[in-house]
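Here the protein sequences come in this chain order: W and Y. Numbered per the working numbering, the first sequence spans residues 23 to 221. Numbered per the working numbering, the second sequence spans residues 23 to 221.
Protein chains: 2
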Amino acid sequence: MPPTATAATTTTPDAKRDAILDAALTLFSERTFDGTPVPLIADTAGVAAGTIYRYFPSKEALVNALYRQWKGELRRVIVDGIAGGTTVREQFGLMWQGLWRFGAEHPRAVAFIETHHHASYIDDESRALGQQIEDESIAFIEAAQARGEIRPADPCIVMSLVLGAFTGLVKHAGADGLMLDENATRESEEIMWAALRAS
Amino acid sequence: MPPTATAATTTTPDAKRDAILDAALTLFSERTFDGTPVPLIADTAGVAAGTIYRYFPSKEALVNALYRQWKGELRRVIVDGIAGGTTVREQFGLMWQGLWRFGAEHPRAVAFIETHHHASYIDDESRALGQQIEDESIAFIEAAQARGEIRPADPCIVMSLVLGAFTGLVKHAGADGLMLDENATRESEEIMWAALRAS
DNA sequence: GCAATATGAATGAATATTCATTCCAGTGCC
DNA sequence: GGCACTGGAATGAATATTCATTCATATTGC
Chain W
23 MPPTATAATT TTPDAKRDAI LDAALTLFSE RTFDGTPVPL IADTAGVAAG
73 TIYRYFPSKE ALVNALYRQW KGELRRVIVD GIAGGTTVRE QFGLMWQGLW
123 RFGAEHPRAV AFIETHHHAS YIDDESRALG QQIEDESIAF IEAAQARGEI
173 RPADPCIVMS LVLGAFTGLV KHAGADGLML DENATRESEE IMWAALRAS
Chain Y
23 MPPTATAATT TTPDAKRDAI LDAALTLFSE RTFDGTPVPL IADTAGVAAG
73 TIYRYFPSKE ALVNALYRQW KGELRRVIVD GIAGGTTVRE QFGLMWQGLW
123 RFGAEHPRAV AFIETHHHAS YIDDESRALG QQIEDESIAF IEAAQARGEI
173 RPADPCIVMS LVLGAFTGLV KHAGADGLML DENATRESEE IMWAALRAS
């Protein structure tokens, strides 16, 4: 394999592309997709409008790339939490702390994912990724229920409740100035585990 | 007083205005504010584009009227729940069931309120209404904590968690086809009370 | 010098809003 | 009762603006 090609890609793994994605994340999370003109994304990213079309074939392709990037990161947090623990309690703790850290570091990403979840311009591949996360979460809940460690409620309800609570927390924190606080992590984790655990 | 004038107003308390608001609710919740052309709202409502400007001075005024209408309804549900019960457990039960019914009957309204909460075109009066609901909710939580009936966590966190969980539930149910189910109401109420109650 | 890359003014398609016109219910007059 | 009249309500084509996308030109790195 040619080492130069790989090296070049490693040095500048697409600084412009990343700047565009980052600007889009900020703007889409604050003003929605349709409310954000492409030239504004360009300005914010520090590039010209035309440059965006060198990296993404259309505004829709851009929003889908962004969605997949962050939904993928979120998935890794959940999967790693599940993989990292041995007991259900431990798995949930890791997952919640991972989510919390993710929310504290990337509040814009949480808002963006939430807002664009059911949008019409989200394509099939992006939607499939969302579905995969749901399936994996529900499989985890069902397994834990089978072991009698999570209360035997509809797994769909349990998942929506927990993910919804997390999203609500991040969104509210973003508006005011909560988060990162060590104590709040523990508090919220305790509350949610009290909600989940059997009997 | 002229009885005819009053009668006329009673018969049609603004059928067109209501049709416009209803069409806007559907479209804004499905496609966002900026993603919804005014002529499409007009078509959906069964009126001409110009007619909308007879009832609302601008698209922004329309979205604010809509926001206040539904945020007001939501507030009544919460306030009535608190007012209707004598114990904290009972108050929470009424509130959750009220929210549940509201979500089942008006899923579009829940999605709309959630999506437009922090939007830039939401004016000060609308924002104040949102703040009022937060203040009232937090006052309720603090009072219950003082009586030792809700766990002594940051009231802000508790509120975000509960409201977020509710929103997550409705949004997910809207996508698939949950809700209205008598059993699911009870299940989710139990889960959330387990999360809240002291020790 | 020459590819590859970046630029931003120009283009054409949408969009919010306006306004000249049509419609209609109610009123007074025969 | 029938009939012209009037003012508010409704219309939808026209206007002025905004936006996604393109492309001829400029810049960069080698």
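Idealized CB from N, CA, C, for every residue including glycine.
(1) Under 7 Å Cβ to Cβ from A27 of chain Y, same chain only, skipping five residues before and after it: list those, please.
(2) Taking C-beta pairs closer than 7 Å, name the residues in chain W that A217 of chain Y reaches, listed in chain order.
(3) Once you ignore the five residues that flank A41 of chain Y on each side, which residues in its own chain have a CB closer than 8 Å to its CB?
(4) For R173 of chain Y, does the three-state DSSP call read helix, strand or coil?
(5) Compare the Cα-Cα distances from R149 of chain Y to each of Y:F50, Y:T108, Y:R219, Y:K93 and report the closest residue.
(6) Residues in the same chain with beta-carbon distance under 8 Å from L88 of chain W, minus the five sequence neighbours each way, listed in chain order, please.
(7) Relative to the C-alpha of D176 of chain Y, which candidate in Y:F188, Y:G190, Y:A161, Y:R53 has its C-alpha closest?
(8) Could you name the residues of the same chain whose beta carbon sits closer than 7 Å to that of L121 of chain Y, not counting the 5 residues immediately before and after it, in chain order?
(9) Enumerate in chain order the residues of its own chain whose CB-to-CB distance from E82 of chain Y is below 6 Å, with the five nearest sequence positions on each side excluded.
(10) Is the segment 122-130 of chain Y touching the segment 165-181 of chain Y, taking contact as three or more C-beta pairs under 8 Å?
(11) Is the shortest distance between the beta-carbon of R98 of chain Y and the beta-carbons of chain W less than 8 Å?
(12) Going along the segment 45-64 of chain Y in order, which residues come within less than 9 Å of chain W, judged by CB to CB distance?
(13) For M23 of chain Y, which residues from the same chain have a beta carbon less than 8 Å from its beta carbon, with the 5 sequence-adjacent residues on both sides left out?
(14) Alpha carbon to alpha carbon, how far is R219 of chain W from G170 of chain W?
(15) Whose Cβ in chain W lies nearer than 8 Å to the Cβ of S210 of chain Y?
(16) On the DSSP bridge assignment, give the partners of R219 of chain Y in chain order.
(17) With a threshold of 16 other CB atoms inside 10 Å of the CB of I112 of chain W, please say whether the residue is buried or exposed.
(18) With 8 Å as the threshold, decide whether the Cβ of G190 of chain Y is near any Cβ in chain W.
(19) What is the DSSP secondary structure of P59 of chain W, counted as helix, strand or coil?
(20) Do the CB positions of N86 of chain W and D145 of chain W come within less than 8 Å of each other?
(21) Pick helix, strand or coil for D44 of chain W, following the three-state DSSP scheme.
(22) Check distances from the C-beta atoms of the segment 105-137 of chain W to those of chain Y and list, in chain order, the residues that come in under 9 Å.
(23) By the criterion of Cβ-Cβ separation under 7 Å, what are the contact partners of A150 of chain W in chain Y?
(24) Do E209 of chain Y and I63 of chain W have their C-beta atoms closer together than 8 Å?
(25) At a Cβ threshold of 8 Å, is G186 of chain W touching chain Y?
(26) Any idea what DSSP makes of H138 of chain Y, helix, strand or coil?
(27) When Cβ atoms are compared, which residues of the segment 158-175 of chain W fall closer than 8 Å to chain Y?
Reading from the atomic positions:
(1) Stepping through the second sequence from its first residue, residue 27 of chain Y is reached at position 5. Note that A27 of chain Y scores a pLDDT of 34, beneath 50, so its modelled location is shaky; the value from the coordinates is reported in the next line. Result list for A27 of chain Y: empty, nothing under 7 Å.
(2) In the second sequence, residue 217 of chain Y corresponds to position 195, counting from 1. Chain W residues near A217 of chain Y: I213, M214, A216, A217.
(3) Numbered from 1 along the second sequence, position 19 holds the residue referred to as residue 41 of chain Y. Within the same chain, A41 of chain Y has close Cβ partners A67, G68, V69.
(4) Numbered from 1 along the second sequence, position 151 holds the residue referred to as residue 173 of chain Y. Coil.
(5) The count along the second sequence starts at 1 and reaches residue 149 of chain Y at position 127. For the residues Y:F50, Y:T108, Y:R219, Y:K93, the minimum Cα distance to R149 of chain Y belongs to Y:K93.
(6) Counted from its first residue, the first sequence places residue 88 of chain W at position 66. Closer than 8 Å at the Cβ level, and outside the excluded window around L88 of chain W, lie L43, A46, L47, F50, F134.
(7) The sequence position of residue 176 of chain Y within the second sequence is 154, counting from 1. Ranking Y:F188, Y:G190, Y:A161, Y:R53 by Cα distance to D176 of chain Y puts Y:A161 first.
(8) For this step, residue 121 of chain Y is matched to residue 99 along the second sequence. Closer than 7 Å at the Cβ level, and outside the excluded window around L121 of chain Y, lie V99, F188.
(9) In the second sequence, the residue the question calls residue 82 of chain Y occupies position 60. Excluding residues within five positions, the ones whose Cβ falls inside 6 Å are Y143.
(10) no
(11) Taking the first residue of the second sequence as position 1, residue 98 of chain Y is located at position 76. So, not an interface residue.
(12) E52, R53, T54, F55, D56, G57, T58
(13) The residue you call residue 23 of chain Y lines up with position 1 of the second sequence. Here the model assigns M23 of chain Y a pLDDT of 32, short of 50, so the residue's position is not dependable and the matter cannot be decided.
(14) As a position in the first sequence, residue 219 of chain W is number 197, starting the count at 1. As a position in the first sequence, residue 170 of chain W is number 148, starting the count at 1. Going by the C-alpha atoms only, they are around 9 Å apart.
(15) By 1-based counting over the second sequence, the position of residue 210 of chain Y is 188. Simply A175, I179, L183.
(16) Position 197 of the second sequence holds residue 219 of chain Y. Answer is Y:I172.
(17) The residue labelled residue 112 of chain W in the question sits at position 90 within the first sequence. With the sequence shown as reference, residue 112 of chain W is identified as Glu, and Ile is not the correct amino acid for it. Exposed.
(18) Locating residue 190 of chain Y in the second sequence gives position 168, where the first residue counts as 1. True, the Cβ-Cβ gap to chain W drops below 8 Å.
(19) For this step, residue 59 of chain W is matched to residue 37 along the first sequence. If DSSP states are grouped into helix, strand and coil, P59 of chain W belongs with coil.
(20) Walking along the first sequence from the start, residue 86 of chain W turns up at place 64. Walking along the first sequence from the start, residue 145 of chain W turns up at place 123. Taking 8 Å as the Cβ cut-off, N86 of chain W and D145 of chain W qualify as a contacting pair.
(21) Residue numbering aside, residue 44 of chain W sits at position 22 when the first sequence is read from its first letter. Residue state, collapsed to three classes: helix.
(22) A133, E136, T137
(23) On the first sequence, residue 150 of chain W is found 128 positions in, with the first residue counted as 1. Near A150 of chain W there are no residues of chain Y at all, since even the closest Cβ is about 15 Å away, more than 7 Å.
(24) Translated into the one-based positions of the second sequence, residue 209 of chain Y becomes position 187. Translated into the one-based positions of the first sequence, residue 63 of chain W becomes position 41. Cβ atoms of E209 of chain Y and I63 of chain W: not closer than 8 Å.
(25) Start at 1 with the first residue of the first sequence, and residue 186 of chain W comes out as number 164. Output row for G186 of chain W: interface = yes.
(26) Within the second sequence, the letter at position 116 stands for residue 138 of chain Y. Helix, per DSSP.
(27) R173, A175
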